[in-house]
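Chains as they are written, first to last, in UniProt numbering: chain V, 1 to 248; chain H, 1 to 265.
By construction, the Cβ of each residue, glycine as well, lies at the ideal position given by its N, Cα and C atoms.
Here the structure is a predicted model, which means the values were calculated and not measured.
Working notes, structure below.
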Amino acid sequence: MPDVMIEVDNLGIEFYRSRRRNLSLREMVLKGRNTAPTSTFWALRGVNFTVGHGEAVGLVGSNGTGKSTLLKTIAGVLIPDEGRAKIYGGVAPLIELTGGFLGELSARENIYLTAGLHGLSREAVDERFDEIVDFAGSQVRDGLDMPFRHFSSGMQVRLGFAVITTLDEPIILVDEVLAVGDAAFKEKCYKRMESLLAQNKTLFLVSHSENDLRRFCTRGIYLRKGELVADGDMDQVLKQYNADATGD
Amino acid sequence: MEIGHLKALWRRREILQTLVRRDLRVRYARSVLGYLWTILDPLAMALIYFMIFAVIFKRPDAGHHPYFLFLLVGLLAWQWFNSSVTETSRALLAEAKLVRSTSLPRELWVIRVVIAKGVEYFLSLPILVAFTAIYMVRGDTTLNWRLVLIPIGILLQFLVQVGIGLLLAPLTVLVEDTQRVVRIIMRMAFYCTPIIYTLETVPETLRNFLYANPMSGILELYRAGLFDEPLSLKPIVASVVGTVVFMFIGSTVFGRLERSVLKEI
């Protein structure tokens with residue numbers, strides 16, 4: 001087994017069925033208690049696995065089975081209620097691509113900001129700046145000093161993808177955003193992913209596209225109702241998932 | 001906050017700098033008069049209270065002399081306190097997208113607001129220097145060695161605001177009405193802080209209550225170097241204690257609620 005990069009140990013995350021924000025002060029004062037239903041469910045429970053250096057793992061499962069929750073926990077933006085998810089190395093999260101961008105700032109400032117939030121120093125961004133802009137395309141280059149909110153949503157995502165994939169972190173997490181934008185840009189995204197894999201990065205991918213899963217991943221992990229039901233060769237796992245999906 | 005946590009925050013200081021710079025750029029990008037607004041508000045307030053208490057009511061004992069300078073010290077510091085508390089209470093909610101997409105230590109979102117507002121406070125201080133100079137030339141005021149207490153005041157004010165922010169930011173995410181309550185409390189807190197009056201003029205029983213306000217001692221530290229009145233130690237000691245208490249409560253509550261907050265935003 002190569003060096004462990006991701007270690008998930010008896011992981012459990014519990015959610016409230018209703019939004020906790022229903023907890024309103026007025027209600028608590030008037031009725032003396034919080035009337036929001038407090039029933040909970042486990043989005044993930046008792047999940048165990050490790051991912052080694054350079055492995056490409058695809059997460060399989062139907063909607064609402066905890067795939068994104070698992071990804072977010074590995075990315076460190078959710079804290080587990082049980083067990084732990086430990087990573088050995090930095091993470092480049094392709095999760096909410098435009099999450100770090102701010103409409104009021106120019107695209108140029110946004111590149112520095114987002115890259116900075118993910119741990120790149122100013123000098124490091126200086127070095128990669130042209131690479132990022134080249135990848136995002138000529139439209140983005142023309143609008144570099146324009147407020148980011150004037151960008152089309154397609155251009156925004158392209159820039160997001162370009163910034164995160166240049167982070168040079170050993171672990172890459174992808175949530176359904178493997179290919180964004182128009183057909184030409186999609187091809188560029190695929191090429192970028194393949195070159196990252198060739199650099200022996202560790203990939204953890206959530207997707208509903210069997211093509212993507214087969215193209216990039218050798219190992220599959222299958223989640224059902226928050227539990228891990230299969231972990232093994234991608235083709236085998238997909239076969240089992242498809243058999244289950246047509247079963248009900 | 002444990003030591004490990006503080007270290008993690010220290011390692012991210014470059015990001016903190018980026019965020020603060022961004023806050024200031026956003027604040028000053030939209031309006032050319034940006035800087036003017038920072039100083040106009042406290043100046044206008046100082047003028048109003050000066051008119052009411054020094055001109056209309058003719059109360060020479062309202063505060064230290066010169067009263068306008070006395071007001072200005074308090075109002076500029078209050079502006080930092082007020083904007084910091086109001087903004088930190090929204091710190092996690094307002095940046096939900098950023099909080100959701102990066103795994104930075106979450107305390108950072110609160111601290112960065114306090115620092116950004118602190119920079120604005122620093123930028124507004126030249127106006128205080130200018131008025132001090134004017135009053136010195138006219139022979140109405142003299143400076144003394146206790147000016148060295150000002151940095152201590154700034155440090156205490158920074159820490160107490162971080163503590164309050166850490167307490168309020170997660171509460172605002174989980175309890176809908178937090179911000180309304182904060183707004184009312186802040187309005188009351190303004191009058192519970194010796195900004196337009198001195199602690200000495202306050203009746204004894206009420207005064208003991210006002211000592212509990214950490215801002216009382218902090219203002220005492222700011223004013224000590226500009227006015228000759230004897231330094232009263234009680235509020236200063238109380239504000240050191242208050243700062244520690246707020247830091248403790250804030251970081252405990254933040255640590256307890258962090259998990260739920262991340263699921264909510």
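Annotated three-state conformation of K117(H) is helix, per DSSP. Taking all protein chains in view, the Cβ of I15(H) is crowded by 16 or more other Cβ atoms within 10 Å, so the residue is classified as buried. Inter-segment contact for the region 175–194 of chain H and the region 212–224 of chain H is present: three or more beta-carbon pairs are separated by less than 8 angstroms. Here L33(H) is exposed. Its C-beta has fewer than 16 other C-beta atoms within 10 Å. Within the region 47–87 of chain V, the beta strand (DSSP E) runs of at least 3 residues that lie entirely inside it are, in chain order, 56–60 and 82–87. Contact annotation for S121(V) against chain H: E14 [CB-CB distance below 7 angstroms, chain order]. Scanning its chain for C-beta atoms nearer than 7 angstroms, with the 5 sequence neighbours on each side dropped, one finds no residue around P60(H). Put simply, of L206(H), S239(H) and T86(H) the residue whose alpha carbon is nearest the alpha carbon of N213(H) is S239(H). Legend: CB atoms of the region 73–93 of chain H lying less than 9 angstroms from CB atoms of chain V are not found in any residue. For the pair G181(V) and L97(V), the Cα-to-Cα distance works out to about 12 angstroms. Residue-level contact by beta carbon holds for G100(V) and chain H, with a gap shorter than 7 angstroms. Contacts with chain H (Cβ-Cβ distance below 9 angstroms) from the region 208–233 of chain V involve no residue at all.
At least 7 angstroms separates the CB of L257(H) from every CB of chain V. Under a criterion of Cβ atoms nearer than 7 angstroms, no residue of chain V is adjacent to R183(H); the nearest Cβ is some 13 angstroms distant. Using a C-beta cut-off of 8 angstroms, the region 3–13 of chain H makes no contact with the region 42–59 of chain H, since fewer than three inter-stretch Cβ pairs fall below that distance. Residues of chain V with a Cβ closer than 8 angstroms to the Cβ of S124(H) do not exist; the shortest Cβ-Cβ separation is about 23 angstroms.
At a cut-off of 7 angstroms between beta-carbon atoms, V77(V) makes contact with chain H. Fewer than three beta-carbon pairs drawn from the region 102–122 of chain V and the region 188–205 of chain V are found closer than 8 angstroms, and the two stretches are therefore not classed as touching. Rounded to the nearest angstrom, the gap between the Cα atoms of M5(V) and I171(V) is 8 angstroms. Non-local C-beta neighbours of D175(V) in its own chain, meaning closer than 7 angstroms and more than five positions away in sequence, comprise S68, L71, L94, I95 and V206, ordered along the chain. Against chain V, the beta carbon of T18(H) has neighbours under 9 angstroms at Y112, L113, G116, L117 and R122, listed in chain order.
Residue environment for Q79(H): buried (at least 16 other C-beta atoms within 10 angstroms of its C-beta). With respect to chain H, the C-beta atom of E169(V) has no partner C-beta closer than 7 angstroms. Counted as a single uninterrupted DSSP element, the beta strand (DSSP E) harbouring R219(V) occupies residues R219 to R224.
Judged by beta-carbon spacing, G89(V) lies beyond the 7 angstroms limit of N10(V), meaning their Cβ atoms are not closer than that value. A Cβ of chain V is located within less than 7 angstroms of the beta carbon of R22(H). Sequence-distant partners of P170(H) (beyond 5 residues in either direction) whose C-beta falls short of 7 angstroms from its own C-beta, in its chain, are L92, V253, F254, L257, E258 and V261. S84(H) sits away from K58(H), with the two beta carbons spaced by 7 angstroms or more.
When C-alpha distances from S209(V) are compared across S62(V), V91(V) and G52(V), the shortest belongs to S62(V). Within the region 132–185 of chain H, the complete alpha helix (DSSP H) segments at least 4 residues long are 150–174, listed from N- to C-terminus. L98, V99, R100, S101, T102, S103 and L104: these are the residues of the region 98–120 of chain H whose beta carbon lies less than 9 angstroms from some beta carbon of chain V, given in chain order.
Considered as a whole, the region 49–109 of chain H harbours 67–88, 91–94 and 96–101 as its complete alpha helix (DSSP H) runs of no fewer than 4 residues, in chain order. The secondary-structure analysis by DSSP pairs Y16(V) across a beta bridge with T40(V). Take the alpha-carbon of L199(H) and the one of R207(H): they are about 6 angstroms apart. The contact set of R25(H) on chain V, defined by CB atoms closer than 9 angstroms, consists of E104, L105 and E109 in chain order. Chain V places a beta carbon closer than 7 angstroms to that of L262(H), counting this residue as a contact.
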